[in-house]
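Everything below concerns the one structure shown next.
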Amino acid sequence: MIPRFRPWIGLGELIAAFRPGPEPVRQFEEEFAKCFGAPEALSFSYGRVALWAFLQAVEVKDSEVLIPAYTCSVVAHAVTLSGNEPKFVDVDAGTYNMSFEAFEAAITERTRAVIPTHLFGRPMDTHRLAEIVRSAEERYGHRIWVIQDCAHSFGAAHDGEDVCRFGDAALYALNISKVMTAIFGGMMTINDPDVSARVREWRDRELRKPGLRKSWLRRIYLLASTVAFSRPIYGLTWFLQHRTNALGQLTDAYHLDERIHFPPDYRDQMTAVEAAVGRVQLRRYRENIRRRRSTAQIYMDLLDGVEGLRIPSQIEGHTYSHFVIAVENRPEYVRLMAQKGIELGELIQYSVPETGPYRGSAFPAPVSGVASHSLINLPVDPAVTERVARRVAMSLLDVHATLRVPGVNPKAS
Ligand SMILES: *Cc1c(COP(=O)(O)O)cnc(C)c1O
0 MIPRFRPWIG LGELIAAFRP GPEPVRQFEE EFAKCFGAPE ALSFSYGRVA
50 LWAFLQAVEV KDSEVLIPAY TCSVVAHAVT LSGNEPKFVD VDAGTYNMSF
100 EAFEAAITER TRAVIPTHLF GRPMDTHRLA EIVRSAEERY GHRIWVIQDC
150 AHSFGAAHDG EDVCRFGDAA LYALNISKVM TAIFGGMMTI NDPDVSARVR
200 EWRDRELRKP GLRKSWLRRI YLLASTVAFS RPIYGLTWFL QHRTNALGQL
250 TDAYHLDERI HFPPDYRDQM TAVEAAVGRV QLRRYRENIR RRRSTAQIYM
300 DLLDGVEGLR IPSQIEGHTY SHFVIAVENR PEYVRLMAQK GIELGELIQY
350 SVPETGPYRG SAFPAPVSGV ASHSLINLPV DPAVTERVAR RVAMSLLDVH
400 ATLRVPGVNP KAS
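For the record, in the sequence shown the residue sitting at position 271 is 270 according to numbering that gives the first Met the number 0, with numbers rising by one throughout.
In structure tokens form, the structure reads like this:
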């Protein structure tokens, strides 16, 4: 089974997890900031915690925080748990990033922060965002904080400049499914040193040093994931995930779409074990992105322009956490590809304002709703070779042809 993603973990990461060396957290922060050209980086236990901490440290509360409707639900949870109200902005049908028109229309005098997300690694036009924010700040006479969600878009650039340099801060998520990993963990880059000092001070006061037990649990998780995603074992992992509920309990603590919550250990700071693994990953970051881009190019060459497969136009500066395609009748694509030994991703399967805690919020987001049940994503992780990419694309063409023959499947027109 070819997995929808495979974390790129080598011996270097495993050794680092058991021998983190002195002060890896501080070193990881410094190297992270340097890698993305940001003045400072602060580490957290999860990406969502960085956002939650930032809003509190700069004292945004009882306010509206604008977020895309099509994003990870934990972003809305972080906003809610910080004492604010998430306001959902519909996305653009061509890019799946926040629509500029909807964004402009959603800002009110209660808006104190916005979270532009560069979804799937695709950079937004940061100049245009800056214009909209600046004019709203003038109109309402107060500051609007801009926190980029780079959980998918490490190093994405607009107009040649890393998107993290725009606005006030950028958050990154480092769990095993992300572009690069620190087992779990999150980072935030901050552009103004005074603001950074405030957030650091808040974090060091409010969040505790993790215990020894957690370091061991992280090591075990890293080893288990490495085995679960390895070539000979992944078929079994896939089976457990899709045919049984065995792995569900593990992921529920981390992420429930229907309830506003954070994982139980969210008040911990990042562990040395995680930071040490993150440092090794950082050294391979450029190669990681280079491989993602070349796999995406193979998919474009073989699939772009095929009728019935809607692929967003490709742009400079895209760093490809995911390569997405909109299809009709997604479950059939997923099923038939699995029969060919290829797991398709279905990220993200919900529009946040349609999930439990936010249902009934008065912000319709029709495009986000459509995206949530029509997107598939193809594997682009660094372990995907040219041969695998070609096999994935050719298999998809096969499946697509089957589903589009009238009569074979009446739903695919
Ligand atoms: C993963 C993710 C996050 C948050 O990451 P955690 O580390 O799990 O808190 C935020 N935004 C998006 C778009 C993500 O995919």
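Virtual Cβ for every residue (Gly too), placed ideally from N, Cα, C.
Item                                                                                                            : Value
Separation of Lys33 from Phe4, as counted between CA atoms                                                      : 27 Å
Nearest candidate by alpha-carbon position, reference Trp7, set Val178, Asp267, Ala271, Leu246                  : Val178
Reduced DSSP category for Val383 - H, G, I as helix; E, B as strand; rest coil                                  : coil
Own chain partners of Arg109 with C-beta closer than 6 Å, once the 5 adjacent residues on each side are dropped : Ser62, Glu63
Counted within 10 angstroms of its Cβ, other Cβ atoms place Glu315 as buried (16 or more) or exposed            : exposed
Ser42 classed as buried or exposed, judged by whether at least 16 other C-beta atoms fall within 10 angstroms   : buried
Rounded straight-line distance, which links the Cα of Asp191 to that of Arg111                                  : 18 Å
Distance between Glu84 and Gly154 (C-alpha atoms, nearest Å)                                                    : 29 Å
Same chain, Cβ closer than 6 Å to Leu395, five either side skipped, listed in chain order                       : none
Reduced DSSP category for Asp203 - H, G, I as helix; E, B as strand; rest coil                                  : helix
Residues near Arg292 by beta carbon distance below 7 Å, same chain, minus five either side                      : Tyr319
Own chain residues within Cβ distance below 8 Å of Gln147, not counting five before or after                    : Ile114, Pro115, Thr116, His117, Val162, Cys163, Phe165, Gly166, Ala168, Ala169, Leu170
Backbone CA spacing between Ala16 and Leu10 [nearest angstrom]                                                  : 10 Å
Cβ shell of Arg266 (< 7 Å), same chain only, five flanking positions each side left out                         : Leu206, Arg207
Tyr298 beta carbon less than 9 Å from that of Ala400                                                            : no
Range of the contiguous alpha helix (DSSP H) that encloses Ser44                                                : Run containing Ser44: none; DSSP gives neither H nor E here.
Touch test, the stretch 18 to 26 against the stretch 272 to 286, Cβ-Cβ under 8 Å, three pairs minimum           : yes
Stretch pair the stretch 279 to 289 + the stretch 49 to 68: three plus CB contacts closer than 8 Å              : no
Which listed residue (Ala52, Leu374, Ile259) has its alpha carbon closest to that of Arg204                     : Ala52
Exposed unless 16 or more other CB atoms sit within 10 angstroms - verdict on Ile1                              : buried
Whole runs of the alpha helix (DSSP H) within the stretch 240 to 321, excluding any shorter than 4 residues     : 247 to 253, 271 to 282, 284 to 302
Segments assigned alpha helix (DSSP H), at least 4 residues, entirely inside the stretch 333 to 382             : 365 to 373
DSSP bridge partner residues for Lys86 (one or two, in chain order)                                             : Leu65
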